[in-house]
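The sequence shown lines up with residues 1 to 420 when you count with the UniProt record's numbering.
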Amino acid sequence: MFSYYLQDWLGCQADTYAKSACVTDDIARLKSAKFVIDWHNYMWSVIKDKSGIDQLTLPRLVEDGSEGKDSNKDTVVRRKPTREVVERDAAVVANRRKRHNSGEKKERKSLKRRYIEWVYRWEGACGRHADAGLCVTRAMREDLQRAWGVHAAVFYDRPPSCTFREFTLNDKHELLLRLGLGANGQVFGANPAEDTTRFSIRDPSTRQVQLREDRPLLVISSTSWTPDEDFQILLDAAKKYNDVAAISRSTSPATRLPIIVLVITGRGPLKEFYMEKIQRMKMEYVEVHTPWLESQDYPLMIATADLGVSLHTSTSGLDLPMKVVDMFGAGIPVLAKRFNCIGELVQDGQNGHLFDTATDLFQHLYGLATGFPTHCKKLHKLKQFVLDDGLPSWEENWATVAMPILAPNLDPHFERVMAR
């Protein structure tokens with residue numbers, strides 16, 4: 001729960017608000033304030049995904065593609081299962097199949113479905129009751145209107161400009177020196193005595209930092225290590241890259257594939273499972289590392305990378321991954337898993353590329369990494385686009401989208417004070 005200027009507004013975030021919506025609304029009325037919902041995702045879709053329900057029939061005011069016709073029909077929501085999820089959770093799947101024919105299982109499924117349908121209707125009712133709404137994509141704005149008749153303004157997530165930004169070569173060099181030692185020895189090749197890393201070197205006379213011509217390609221990905229991110233796609237792509245890179249070592253610098261240092265941040269229940277799998281892969285030209293980063297080092301680590309990878313897919317298909325927003329804020333292009341509305345953030349071929357399969361991801365890595373760091377024009381073009389076409393800051397977004405809704409008659413003096 002959070003408050004706005006002089007408590008004229010009280011609001012809550014949509015993907016967690018079902019439990020607190022009534023309380024927030026009641027407090028707003030008691031304080032003669034207005035109630036706003038910040039739609040980041042749908043709680044019903046999060047519960048559906050965690051429950052493992054692939055298909056669910058839900059009522060909508062307007063059918064997708066019907067342009068207002070037959071508004072009382074139901075729509076079917078599906079979540080496409082993947083081969084990797086089945087492989088990873090084989091034991092769980094086998095156990096579920098074993099219990100499939102039991103009446104107890106059917107009853108639990110029925111109860112889950114009824115609960116999700118209740119949450120769905122509850123969210124819609126709260127949305128219609130609110131005085132205003134903000135959402136994170138144009139696709140979500142349209143879905144809110146079609147599903148429940150709820151109107152919301154599009155307020156895109158943006159990174160704080162003071163943290164996720166371009167950093168100097170000196171800042172990056174100092175970070176790599178600090179993070180030089182890893183569990184398997186020299187991850188970033190730090191040599192404090194000589195002031196060098198595998199990626200950068202400081203001239204002892206001028207104290208200027210330069211990037212090395214023989215440096216690896218630094219790729220970063222952030223994951224929650226949970227089943228909702230299909231991490232196997234990245235591993236399969238890395239294996240394909242490793243095999244091709246081994247062949248390319250005897251070619252010219254313009255066609256040679258560099259070693260990839262893949263830095264993966266985040267914690268989660270499947271981390272150990274995948275790390276054991278990575279060790280068994282024994283890749284020579286793709287090094288996977290999971291360093292622990294302090295909060296102040298995370299934005300700098302992103303800015304130090306050459307390329308980002310996002311495996312995020314939304315439970316509703318209507319919200320955007322904040323990790324990609326952070327990567328763009330730090331000035332690096334992104335390879336992102338394709339889903340419904342990701343095109344509102346990642347422009348394929350301009351600030352990154354989209355992929356569906358491990359083969360797609362490998363082909364993008366191959367095309368961008370070839371000839372790195374000197375002869376990789378495609379990667380340089382993507383990075384330059386990200387730097388030149390920077391996203392509007394959070395502050396700019398707030399001023400142009402949220403403030404006209406939340407404080408249309410804001411005192412100009414207060415606005416000047418807040419801008420200091």
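Glycine is no exception: its CB is placed at the ideal position from the N, C-alpha and C atoms. Since we're looking at a predicted model, the values are computed, not measured.
Report yes if the C-beta distance between residue 423 and A369 is below 8 Å; otherwise report no. Outside the displayed range of the chain (1 to 420) lies residue 423, so it cannot be described from this structure.
In whole angstroms, what is the alpha-carbon distance linking D203 and L176? Computed Cα separation, rounded: 16 Å.
Under the three-state DSSP convention, the category C126 falls into: Of the three classes helix, strand and coil, the one that applies to C126 here is helix, per DSSP.
Run through DSSP, which three-state label would D348 get? The answer is strand: DSSP assigns D348 an E or B state.
Per DSSP, which residues does V154 bridge with? Please list them. When DSSP reads this structure, V154 sits in a beta bridge with C135.
Where the beta strand (DSSP E) through T163 begins and ends: Counted as a single uninterrupted DSSP element, the stretch harbouring T163 is not any beta strand (DSSP E), since DSSP gives it neither H nor E.
Ignore the nearest five residues each way along the sequence and tell me which others in V288's own chain have a CB closer than 6 Å to its CB. Within the same chain, L262, I278 come within 6 Å of V288 by CB-CB distance, once the 5 residues on both sides are set aside.
Let me know if S295 comes out buried or exposed under the rule of 16 or more other beta-carbons within 10 Å of its beta-carbon. With fewer than 16 Cβ atoms within 10 Å of its Cβ, S295 is classed as exposed.
Quick one: residues in its chain with C-beta nearer than 7 Å to the C-beta of A245, no 5 flanking neighbours on either side, listed in chain order? Annotation for A245: L257, Y285 place their beta carbon closer than 7 Å to its own, counting only its chain and skipping 5 residues before and after.
Have a look at the DSSP bridge pairing and note the partners of Q210. Here Q210 is bridged, per DSSP, to I201.
Under the three-state DSSP convention, the category T196 falls into: Residue state, collapsed to three classes: strand.
So what's H289 in DSSP terms, helix, strand or just coil? H289: strand per DSSP, three-state reduction.
When you compare only the Cα positions, how much space is there between A402 and W394? Distance between the alpha carbons of A402 and W394: 11 Å.
Quickly, what does DSSP pair A336 with across the bridge? List them, please. In the DSSP assignment, A336 is bridged to S310, L354.
Anticipated Cβ contact below 8 Å, S248 with Y42, distance rounded: Not really, about 45 Å apart at Cβ, beyond 8 Å.
Enumerate in chain order the residues of its own chain whose CB-to-CB distance from K378 is below 7 Å, with the five nearest sequence positions on each side excluded. G367, L368.
Quick one, are the C-beta atoms of H151 and G180 less than 8 Å apart? Contact flag unset, no.
Among H129, T374, G308, L58, which one has its Cα closest to the Cα of I37? Ranked by Cα distance from I37, the options H129, T374, G308, L58 are led by H129.
With H, G and I counted as helix, E and B as strand and the rest as coil, what does DSSP make of P253? DSSP places P253 in coil when its eight states are reduced to three.
Quick check on DSSP: helix, strand or coil for I53? I53 carries a coil assignment under DSSP once its states are collapsed to helix, strand and coil.
Cβ shell of T139 (< 8 Å), same chain only, five flanking positions each side left out: According to the sequence as given, residue 139 is Ala; it is not Thr. Here A139 has G317, L318, N340, C341, E344 as same chain residues with Cβ atoms under 8 Å from its own Cβ, once five neighbours each way along the sequence are excluded.
Determine which residues share a DSSP beta bridge with I223 and list them. Per the sequence shown, the amino acid found at residue 223 is Thr instead of Ile. In DSSP, T223 forms no bridge with anything.
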